[in-house]
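Encoded as structure tokens, the structure appears first; notes follow it.
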Amino acid sequence: MRHLMSPLDFSVEELDQLFDLANDIEANMEKYSRACHGKKLATCFYEPSTRTRLSFESAMLGLGGSVIGFSEASSSSASKGESVSDTIRVISCFADICAMRHPKEGAPKVAAERSSIPVINAGDGGHQHPTQTLTDLLTIRSLKGRLHHFTIGLCGDLKFGRTVHSLINALARYEGIKFIFISPRELMVPDYVTDMLKERNIPYEEVIRLESIMPQLDLLYMTRVQRERFFNEEDYVRLKDFYILDKAKMKLAGPDMLVLHPLPRVNEISVEVDDDPRAVYFKQVQYGVYVRMALILTLLNIRVDEREGEKICLT
């Protein structure tokens, strides 16, 4: 049995296999439509979510499986004081696989240690968000044709943004990646991230102005300033609109530069950018369904084969 706590839990070769499977699912949805018939996914979300939870549920339903779970801690026995360890042991009696989001860093790992079913970390505090990273990597590979030799700018909340931390760690394994970190000083990427890049001789820059580096970018990864991670409302209000990507800034970028965003957005990308063909954040959402379908199949050890027109699930 295998869990997914970090995108680094999969080797680069295993990620290639996962993304190949996701691309095959995209091209042949009907082939996979009963792959998880009789299987149940539990979505245990102790923190609000729209895209991640519904993406997991859509993925399992698309595979012919079913879904149980809860969408906030107050609607679970956590509100009565039940521990994560006890919850997952109970959930293991009901479901075949679990996706868990929790505000405390490391909570999904605790669950995985006590679970008798595969557990997927769907986000833990400001720590990791591996399935968003898999979504990001699949989007880049599908639209750029590669996961190597490009310059990526990461803009916004680089201090608390778990999607940013996961993506940097994942991309650092590929050749020829240069990172440009764009943030106010209060939200700069943590030292442990830059220390890792220095140790591995991976080039990076830290800048404050987005406009100054737009022409250099192959990819721009925008993030929102997360109100829920701030202890001080004054700091949040001061920084929340520090970066706003609009048409004027997009004119500074190359014709093949792509804009990604893990969503939800607030004000950091103007709606006028949505019609720009380089804005791919809604395509990114769709890729998130395909990669979660591939992940569910992989962790449940289900292989779909076709013989004489019949779909056969091999476990």
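Counting from 1354, one number per residue, gives the positions in the sequence shown under my numbering. Heads up, the beta-carbon is just placed ideally off N, CA and C, and yes, glycines get one too.
task = Identify every residue that forms a DSSP beta bridge with V1624.
result = Here residue 1624 is taken as the residue at index 271 of the sequence shown, counted from 1. Bridge partners of V1624: none, in fact.
message = Using 8 Å as the cut-off, can you tell me whether the segment 1499 to 1508 makes contact with the segment 1476 to 1487, which would need three or more C-beta pairs spanning the two stretches below that distance?
response = Flag = no, the segment 1499 to 1508 and the segment 1476 to 1487 do not touch.
query = Under the rule that 16 or more other beta-carbon atoms within 10 Å means buried, what is V1443, buried or exposed?
reply = Numbered from 1 along the sequence shown, position 90 holds the residue referred to as residue 1443. So V1443 ends up on the exposed side.
task = Drop a sphere of 10 angstroms on the beta-carbon of H1356, count the other beta-carbons inside from all chains shown, and report buried for 16 or more, exposed for fewer.
result = Start at 1 with the first residue of the sequence shown, and residue 1356 comes out as number 3. Here H1356 is buried: its Cβ has 16 or more other Cβ atoms, across all protein chains shown, within 10 Å.
task = Starting from the Cα of S1445, find the closest Cα among E1458, M1453, I1470 and give me that residue.
result = As a first step, residue 1445 is located in the sequence shown; it is residue number 92 there, counting from the start. Selection E1458, M1453, I1470 evaluated against S1445 yields I1470 as nearest (Cα-Cα).
query = Quick one: is R1562 buried, meaning 16 or more other Cβ sit within 10 Å of its Cβ, or exposed?
reply = Here residue 1562 refers to the residue found at position 209 of the sequence shown. By the neighbour-count rule (16 or more Cβ atoms within 10 Å), R1562 is not buried but exposed.
task = Return the CA-CA distance between N1654 and L1361, expressed in angstroms with no decimal places.
result = Within the sequence shown, the letter at position 301 stands for residue 1654. Within the sequence shown, the letter at position 8 stands for residue 1361. Cα to Cα, the separation comes out at about 19 Å.
query = From P1537 to S1468, what distance separates their C-alpha atoms?
reply = Here residue 1537 corresponds to residue number 184 of the sequence shown, with the count starting at 1. Here residue 1468 corresponds to residue number 115 of the sequence shown, with the count starting at 1. Cα to Cα, P1537 sits roughly 41 Å from S1468.
key: CB of A1375 within 8 Å of CB of L1491, strictly   = By 1-based counting over the sequence shown, the position of residue 1375 is 22. By 1-based counting over the sequence shown, the position of residue 1491 is 138. Yes, the Cβ-Cβ distance between A1375 and L1491 is below 8 Å.
ask   = For the candidate residues L1500, I1622, H1614, I1533, whose alpha-carbon lies nearest to that of F1372?
value = Locating residue 1372 in the sequence shown gives position 19, counting from the first residue. When each option's Cα is compared against that of F1372, the closest is L1500.
ask   = What's the call for Q1370, buried or exposed, on a 16-neighbour Cβ count within 10 Å?
value = As a first step, residue 1370 is located in the sequence shown; it is residue number 17 there, counting from the start. Sixteen is the threshold: since fewer than 16 other Cβ atoms of the shown chains lie within 10 Å of the Cβ of Q1370, the residue is exposed.
query = So, using beta-carbon positions, are C1389 and G1422 closer together than 8 Å?
reply = Start at 1 with the first residue of the sequence shown, and residue 1389 comes out as number 36. Start at 1 with the first residue of the sequence shown, and residue 1422 comes out as number 69. No; because the gap between Cβ atoms is not below 8 Å, this pair is not in contact.
request  = Measure how close the beta-carbons of L1605 and E1564 come, nearest whole angstrom, since I'm counting them as under 8 Å.
outcome  = Here residue 1605 corresponds to residue number 252 of the sequence shown, with the count starting at 1. Here residue 1564 corresponds to residue number 211 of the sequence shown, with the count starting at 1. The pair is a contact, with the Cβ atoms about 6 Å apart (cut-off 8 Å).
inquiry  = In whole angstroms, give me the CA-to-CA distance for R1656 and D1609.
reply    = Taking the sequence shown and counting its residues from 1, one reaches residue 1656 at position 303. Taking the sequence shown and counting its residues from 1, one reaches residue 1609 at position 256. Straight-line Cα distance between these residues: approximately 36 Å.
Minimum C-alpha distance to V1472 - residue among A1448, P1456, T1547 = In the sequence shown, the residue the question calls residue 1472 occupies position 119. With distances taken between Cα atoms, V1472 lies closest to A1448.
query = Based on Cα-Cα distance, which residue from Q1481, A1632, I1441, L1611 lies nearest to E1458?
reply = Numbered from 1 along the sequence shown, position 105 holds the residue referred to as residue 1458. Closest in alpha carbon position to E1458, among Q1481, A1632, I1441, L1611, is Q1481.
ask   = Shortest alpha-carbon distance to I1555 belongs to which of A1525, L1573, I1535?
value = Counting from one through the sequence shown, the residue named residue 1555 turns up at place 202. Nearest C-alpha to I1555: A1525.
task = With DSSP collapsed to three states, give me the class of E1366.
result = To locate residue 1366, count along the sequence shown from 1; it is residue 13. Collapsing the DSSP output to three states places E1366 in a helix.
ask   = Can you give the Cα-Cα distance for P1568 and F1532, rounded to whole angstroms?
value = Your numbering for residue 1568 matches position 215 in the sequence shown. Your numbering for residue 1532 matches position 179 in the sequence shown. Rounded to the nearest angstrom, the two C-alpha atoms are 14 Å apart.
request  = Quick one: measure Cβ to Cβ for V1626 and D1599, integer angstroms, because I've assumed they're closer than 8 Å.
outcome  = Here residue 1626 refers to the residue found at position 273 when the sequence shown is read from its first residue. Here residue 1599 refers to the residue found at position 246 when the sequence shown is read from its first residue. A Cβ-Cβ separation of about 7 Å places V1626 in contact with D1599 under the 8 Å criterion.
task = Would you mind sorting F1409 into buried or exposed? The rule is 16 or more other CB atoms within 10 Å of its CB.
result = Against the sequence shown, residue 1409 aligns to sequence position 56. With 16 or more other Cβ atoms from the protein chains shown falling within 10 Å of its own Cβ, F1409 counts as buried.
ask   = For A1464, which residues of its own chain have a beta-carbon under 6 Å away from its beta-carbon, when the five flanking residues on both sides are left out?
value = In the sequence shown, the residue the question calls residue 1464 occupies position 111. Taken in chain order, the residues that qualify are V1437, I1441, M1453, V1472.
Cβ-Cβ distance between L1572 and L1613 below 8 Å = Indexing the sequence shown from 1 puts residue 1572 at position 219. Indexing the sequence shown from 1 puts residue 1613 at position 260. Yes, the Cβ-Cβ distance between L1572 and L1613 is below 8 Å.
request  = Taking C1389 as part of the beta strand (DSSP E), name the residues at either end of that continuous run.
outcome  = Sequence index remark: in the sequence shown, residue 1389 carries index 36 (1-based). No residue range can be given for C1389, since it is assigned to no beta strand (DSSP E) and is classified by DSSP as neither H nor E.
task = Return the chain-ordered list of same chain residues with a C-beta closer than 6 Å to the C-beta of G1295, the five sequence neighbours on each side being excluded.
result = Outside the shown range of the chain, which is 1354 to 1668, sits residue 1295, and nothing can be said about it.
Rounded straight-line distance, which links the Cα of G1391 to that of G1529 = One-based indexing of the sequence shown puts residue 1529 at position 176. One-based indexing of the sequence shown puts residue 1391 at position 38. Approximately 44 Å, taken between the alpha carbons.
inquiry  = According to DSSP, simplified to helix, strand and coil, what is G1509?
reply    = One-based indexing of the sequence shown puts residue 1509 at position 156. Looking at G1509 - three-state DSSP - the assignment turns out to be coil, as it is neither helix nor strand.
ask   = At what residues does the beta strand (DSSP E) containing G1418 begin and finish?
value = The residue labelled residue 1418 in the question sits at position 65 within the sequence shown. From DSSP, G1418 is part of no beta strand (DSSP E); its letter is neither H nor E.
message = Within 10 Å of its beta-carbon, does I1649 have 16 or more other beta-carbons around it, so buried, or fewer, so exposed?
response = Counting from one through the sequence shown, the residue named residue 1649 turns up at place 296. Buried, by the Cβ-count rule.
inquiry  = Given this structure, state the Cα-to-Cα distance separating Y1527 from D1477, to the nearest angstrom.
reply    = Residue mapping note: residue 1527 aligns to position 174 of the sequence shown, counting from 1. Residue mapping note: residue 1477 aligns to position 124 of the sequence shown, counting from 1. Cα atoms of Y1527 and D1477: separation of roughly 25 Å, rounded to the nearest angstrom.
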